[in-house]
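Enquirer: The structure under discussion is supplied below as structure tokens; questions concerning it will follow.
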Amino acid sequence: MTDHTALVSTLKAATEGSRELSDEVLLAHGWTTEEGWWWGPHGEELTPETAAERPDPTRSIDDGVALVPEGRGWSIVNLGARWPKPNSCYHASVDLPRAPAPAPMAVGGEAAIPALALSIAALRAQEQKP
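Start counting the sequence shown at 792; every next residue gets the next number (this note's numbering).
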């Protein structure tokens, strides 16, 4: 189990996604990079010329969904302007595999925009892997 506390804190404090934040999320999900090349955990290979095509999960919900563990449900909810936490208007959750009670059924995260919230939830789901 990997602890992504520092990265989650950074994502929660952000008001928008960025290429830099997305790269940190990708690295936490098993991507690697060297001299402009990028390799994904499922055999993806991007050259320096195609590296701009790598996923951008802190700005794209579609790219964030790709980080949700296979077979898991996910959701994003707009908490609205009445939510008392600054920079936390969206909540995303990712289902966890069934486990005996009192194990949690899902993990989640709140952030300023939906893609950031989903990035947080996907990181927390990854932390739950044995």
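Backbone N, C-alpha and C define an ideal beta-carbon position, used for all residues, glycine too.
1. Helix, strand or coil, according to DSSP, for D847 in the structure here?
2. Locate the alpha helix (DSSP H) running through A804, then write down its first and last residues.
3. Nearest by alpha-carbon distance to P848: which of L907, N869 and E918 is it?
4. Who are the near neighbours of R850 in its chain, counting only those whose CB is closer than 6 Å to its CB and skipping five residues on each side?
5. Do you know how far the Cα of L812 is from the Cα of T823?
6. Considering only the alpha carbon of each residue, which of P832, A883, A902 and E826 lies closest to A913?
Expert: The answer reads as follows:
1. coil
2. T796 to A804
3. L907
4. G808 and A906
5. 15 Å
6. A883
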